[in-house]
Amino acid sequence: MARTILGILVGAVGATLALVGAAYAFAEVHRWPGPGELADPDLLADFTAALPLPAVACLLGGLALAAAVGGVLAARIASPHRGGAALVIGALLTATVIVQATMLAQPEWLVVAGMLLPMPFATLGAWLAMPRAGFATRPA
3 MARTILGILV
13 GAVGATLALV
23 GAAYAFAEVH
33 RWPGPGELAD
43 PDLLADFTAA
53 LPLPAVACLL
63 GGLALAAAVG
73 GVLAARIASP
83 HRGGAALVIG
93 ALLTATVIVQ
103 ATMLAQPEWL
113 VVAGMLLPMP
123 FATLGAWLAM
133 PRAGFATRPA
């Protein structure tokens, strides 16, 4: 149980770092909204509607990368419950997208894509972290 909780915590930290990296990539591609745009929901909606494709790719790619990295870390550490720990990371990222969608105006397709990406990529991360037959693995 302790390994599962530790795996979830380490996976959440890894996912957070991946999201921060995606935010830096977004800042290189496109500017962040100013304080005036963040305060006015209509201006923020216009800002997000006018995002160029590379900026949207940074947002969604960062979310997918965060889910995969968090899933790998969680599953690698939480050896008794590998899949469950990775799915918790995917659920946390999905909840983050839902909270962000309620606080900030975004296009609907961006919210839907953000809600659909974390679970499959966290599952992929768990699958990548599972030991394979025929390979030398360390004892659990």
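If you want my numbering, it's the position in the sequence shown, counting the first as 1, plus 2. Beta carbons: idealized from backbone N, C-alpha and C, even for Gly.
request  = Note down the Cα distance separating Leu67 from Asp44, rounded to an integer number of angstroms.
outcome  = On the sequence shown, position 65 is the one that residue 67 refers to. On the sequence shown, position 42 is the one that residue 44 refers to. So the two alpha carbons sit approximately 30 Å from each other.
query = Taking the runs of the alpha helix (DSSP H) that are 4 residues or longer, which of them lie wholly in the region 53–83?
reply = 55–79
request  = State the DSSP-derived secondary structure class of Arg5, mapped to helix, strand or coil.
outcome  = Locating residue 5 in the sequence shown gives position 3, where the first residue counts as 1. Correct three-state label for Arg5: helix.
message = Let me make sure I understand the geometry here. Which of Leu89, Pro122, Pro56, Leu118 has the alpha-carbon closest to that of Ala24?
response = By one-based count along the sequence shown, residue 24 stands at place 22. With distances taken between Cα atoms, Ala24 lies closest to Pro56.
task = Could you name the residues of the same chain whose beta carbon sits closer than 8 Å to that of Val58, not counting the 5 residues immediately before and after it, in chain order?
result = Against the sequence shown, residue 58 aligns to sequence position 56. Only residues of its own chain outside the window of five on either side were considered, and among them Leu112 have a CB closer than 8 Å to the CB of Val58, listed in chain order.
ask   = Does the distance from the C-beta atom of Pro120 to that of Gly92 stay below 8 Å?
value = Reading the sequence shown from its first residue, position 118 is the one you call residue 120. Reading the sequence shown from its first residue, position 90 is the one you call residue 92. Result yes, Cβ atoms of Pro120 and Gly92 sit closer than 8 Å.
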